[in-house]
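This report refers to the structure that appears directly beneath it.
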Amino acid sequence: MTITQLKYTLAVAEYKNFTIAAEHCFVTQPTLSMQIQKLEEELDAKIFNRSKKPIELTEVGKRIVEQAKVIVDESNRIIDIVHQQKGYVGGEFRLGIIPTIMPTLLPMFLKTFSKNYPKVQLVIEELTTEEIVRKLMDGYIDAAIAATPLENEAIKERVLYYEPFVGLVPSEHRLFKQKKLKVDDLEVDDILLLEDGHCFKDSVINLCRTNKRSSTHHFQLESGSFDTLIKLSKDGLGMTLLPYLNTLDLNERDKTHLREFETPTPAREVSLIYHKSQLKMQLIEALKSTIDSVIRGAIAFSDVEIISPLQKK
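Here the sequence shown is numbered in UniProt numbering, starting from 1 and rising by one per residue.
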């Protein structure tokens, strides 16, 4: 039994497909399949039910995978301990970023980080908050950037910045003539929202004084991207709320439709998060210091009210 065999097994368990797992392990599919078959022969047990589509774990396979996670995680820690002792900033670092942060924040720090830490192989995935928490707990990623607080005792949160909410209000809208928005003026029926699965949608709903959709409203529309919400709002189909960084690239004409909130400004807390047992602290510190240096010039808000990304019960 080898660590490599266990890593291949975990990859298949995650992606439920031998070909995709092989691609993520940077080996050929026959090589991966052969190693897993050798492991099954040594254990005299079938880990995967290959007749199912997608592939499923057998009952004993589920228990093997749980133990394999522990073994692989602990083996990685040996390398982490050595790197930490030497102060070495390098190796693979797997980072998850939620979709509403990825397009604005990643271009701001990626080039600088890669230049300053050329020995780090940064592997970035766009993941929902739910996926991030699961992958942090299972050891599939090392850290993530997400809206917080998450109220999870196993996860540590290091605040990067506070990002205010900004209204985009079409000229026909009842709030267009207001110089600044008031939280009490917001109605959830009145706002174009992101789709389910985006924590920014939950934050907006938490912000509104009423968080129930009315059945008498003419239409309900949710989108997977801020770009679509911006276009729909410009067409007069309703107002929307945007994170501050998403407003910076708007043209001057569109910016005339932006409305800030009265203070304290509602904002989301954006943090670098990781499992409390994480050992790659030299990489986490390098990433945080890089982001701190580039974000400082873009956001300088202090009088804010943090809106939770967690769904209200």
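The C-beta atom is built at its ideal place from N, Cα and C for all residues, glycine as well.
Note that the structure is predicted; figures quoted are calculated from it, not measured.
Next item on the list: Please name the residue, chosen from 148, 45, 48, that lies closest to residue 311 on a Cα-to-Cα basis.
Entry: Here residue 311 refers to the residue found at position 311 when the sequence shown is read from its first residue. Of the candidates 148, 45, 48, the one whose C-alpha sits nearest the C-alpha of residue 311 is 148.
Margin query: Taking its Cβ as the centre, do 16 or more other Cβ atoms sit within 10 Å of residue 246, making it buried, or is it exposed?
Written below: Position 246 of the sequence shown holds residue 246. The residue in question, residue 246, is buried, as its Cβ has 16 or more Cβ neighbours within 10 Å.
Next item on the list: Measure the Cβ-Cβ separation of residue 144 and residue 95 and say whether it is below 8 Å.
Entry: Counted from its first residue, the sequence shown places residue 144 at position 144. Counted from its first residue, the sequence shown places residue 95 at position 95. In contact: residue 144 and residue 95 (Cβ atoms closer than 8 Å).
Item checked: Inter-residue spacing [alpha-carbon to alpha-carbon] between residue 162 and residue 298 -> As a working mapping, residue 162 is identified with position 162 in the sequence shown. As a working mapping, residue 298 is identified with position 298 in the sequence shown. Rounded to the nearest angstrom, the gap between the Cα atoms of residue 162 and residue 298 is 11 Å.
Margin query: Can you list, in chain order, the residues of its chain with a C-beta nearer than 7 Å to that of residue 40? Leave out the 5 residues immediately preceding and following it.
Written below: The residue given as residue 40 occupies position 40 in the sequence shown. Counting only Cβ-Cβ distances below 7 Å, and skipping sequence neighbours, we find 46, 47.
Check: What are the boundary residues of the alpha helix (DSSP H) that residue 87 is part of?
Finding: Numbered from its first residue, the sequence shown carries residue 87 at position 87. Note, residue 87: premise wrong, no alpha helix (DSSP H); not H, not E.
Item checked: Local Cβ density within 10 Å of residue 271, reported as buried at 16 or more and exposed below that -> Along the sequence shown, read from residue 1 onward, the residue named residue 271 stands at position 271. By the beta-carbon neighbour count (other beta carbons within 10 angstroms, threshold 16), residue 271 is buried.
Notebook entry, point to check: Just to confirm, are residue 123 and residue 92 a CB contact at a threshold of 8 Å?
Noted result: Along the sequence shown, read from residue 1 onward, the residue named residue 123 stands at position 123. Along the sequence shown, read from residue 1 onward, the residue named residue 92 stands at position 92. Contact: yes.
Margin query: Please give the ranges of any alpha helix (DSSP H) in the region 221-291, keeping only runs that are unbroken, at least 4 residues long and fully inside the region.
Written below: 226-234, 252-255
Next item on the list: Go to residue 122, then tell me how far its beta strand (DSSP E) extends in each direction, as first and last residue.
Entry: Taking the sequence shown and counting its residues from 1, one reaches residue 122 at position 122. Here the beta strand (DSSP E) through residue 122 covers 120-126.
Margin query: Do residue 275 and residue 137 count as a contact pair if the criterion is CB distance below 8 Å?
Written below: Within the sequence shown, the letter at position 137 stands for residue 137. Within the sequence shown, the letter at position 275 stands for residue 275. Closer than 8 Å, so yes.
Note to self: Short of 7 Å in beta carbon distance, which residues of its chain neighbour residue 139, apart from the five on each side in sequence? Order them along the chain.
What the structure shows: Counting from 1 along the sequence shown, the entry for residue 139 is found at position 139. The answer, listed in chain order, is 69, 73.
Checklist line | Pick from 42, 43, 52 that is closest to residue 13, judged by C-alpha positions | finding: Here the question's residue 13 lines up with position 13 in the sequence shown. Comparing Cα positions, the closest option is 52.
Check: Taking all protein chains shown into account, do 16 or more other C-beta atoms lie within 10 angstroms of the C-beta of residue 43, making it buried, or fewer, making it exposed?
Finding: For the purposes of this step, residue 43 is taken as the residue at position 43 of the sequence shown. Exposed is the call here.
Checklist line | Residue environment, residue 54, which counts as buried when at least 16 other CB atoms sit within 10 Å | finding: The sequence position of residue 54 within the sequence shown is 54, counting from 1. The residue in question, residue 54, is exposed, as its Cβ has fewer than 16 Cβ neighbours within 10 Å.
Next item on the list: Compare the Cα-Cα distances from residue 121 to each of 110, 129, 130 and report the closest residue.
Entry: Within the sequence shown, the letter at position 121 stands for residue 121. Out of 110, 129, 130, 110 has the C-alpha closest to the C-alpha of residue 121.
Note to self: Mapping the DSSP letters down to three states, classify residue 305 as helix, strand or coil.
What the structure shows: Here residue 305 corresponds to residue number 305 of the sequence shown, with the count starting at 1. In this structure, residue 305 counts as strand in the three-state DSSP scheme.
Note to self: Closest to residue 142 by C-alpha separation, out of 77, 169, 101, 189, would be which residue?
What the structure shows: Position 142 of the sequence shown, counted from the start, is the residue given in the question as residue 142. Of 77, 169, 101, 189, the residue nearest in Cα terms is 77.
Check: Can you round the beta-carbon distance between residue 250 and residue 240 to whole angstroms, since I take them to be within the 8 Å contact cut?
Finding: Taking the sequence shown and counting its residues from 1, the one referred to as residue 250 is at position 250. Taking the sequence shown and counting its residues from 1, the one referred to as residue 240 is at position 240. Rounded to whole angstroms, the Cβ separation of residue 250 and residue 240 is 12 Å, and the two are not in contact under 8 Å.
Item checked: residue 248 classed as buried or exposed, judged by whether at least 16 other C-beta atoms fall within 10 angstroms -> Looking up residue 248 in the sequence shown gives position 248. Exposed, by the Cβ-count rule.
Check: Rounded to a whole number of angstroms, what is the C-alpha to C-alpha distance between residue 170 and residue 114?
Finding: If you number the sequence shown from 1, residue 170 lands on position 170. If you number the sequence shown from 1, residue 114 lands on position 114. Answer to the nearest angstrom: the Cα atoms are 40 Å apart.
Check: CB-CB under 8 Å to residue 292, same chain, minus the five flanking residues each way: which ones, in chain order?
Finding: For the purposes of this step, residue 292 is identified with residue 292 of the sequence shown, where counting begins at 1. Counting only residues of its own chain and dropping the five nearest sequence neighbours on each side, residue 292 has a CB closer than 8 Å to the CB of 160.
Checklist line | Selected residue, minimal CA-CA separation from residue 36, among 172, 8, 192 | finding: Walking along the sequence shown from the start, residue 36 turns up at place 36. Selected option, being the one with the closest Cα: 8.
Next item on the list: Using beta-carbon positions only, say whether residue 22 and residue 98 come within less than 8 Å of one another.
Entry: Taking the sequence shown and counting its residues from 1, one reaches residue 22 at position 22. Taking the sequence shown and counting its residues from 1, one reaches residue 98 at position 98. No, the Cβ-Cβ distance between residue 22 and residue 98 is not below 8 Å.
Checklist line | Sub-8 Å separation of residue 108 and residue 306 beta-carbons | finding: Here residue 108 corresponds to residue number 108 of the sequence shown, with the count starting at 1. Here residue 306 corresponds to residue number 306 of the sequence shown, with the count starting at 1. Residue 108 is not a Cβ neighbour of residue 306, given a cutoff of 8 Å.
Margin query: Only counting the same chain, and skipping five residues up and downstream in sequence, which positions put a Cβ closer than 6 Å to that of residue 64?
Written below: In the sequence shown, counting from the first residue as 1, residue 64 sits at position 64. Same-chain partners within the cutoff: 47.
Next item on the list: Taking residue 14 as part of the alpha helix (DSSP H), name the residues at either end of that continuous run.
Entry: For the purposes of this step, residue 14 is taken as the residue at position 14 of the sequence shown. Run containing residue 14: 3-15, per the alpha helix (DSSP H) assignment.
Note to self: Using C-beta distances below 7 Å, list every residue in its chain close to residue 81, excluding the 5 sequence neighbours before and after it, in chain order.
What the structure shows: As a first step, residue 81 is located in the sequence shown; it is residue number 81 there, counting from the start. 279, listed in sequence order.
Checklist line | Sub-8 Å separation of residue 261 and residue 242 beta-carbons | finding: Numbered from its first residue, the sequence shown carries residue 261 at position 261. Numbered from its first residue, the sequence shown carries residue 242 at position 242. Cβ atoms of residue 261 and residue 242: not closer than 8 Å.
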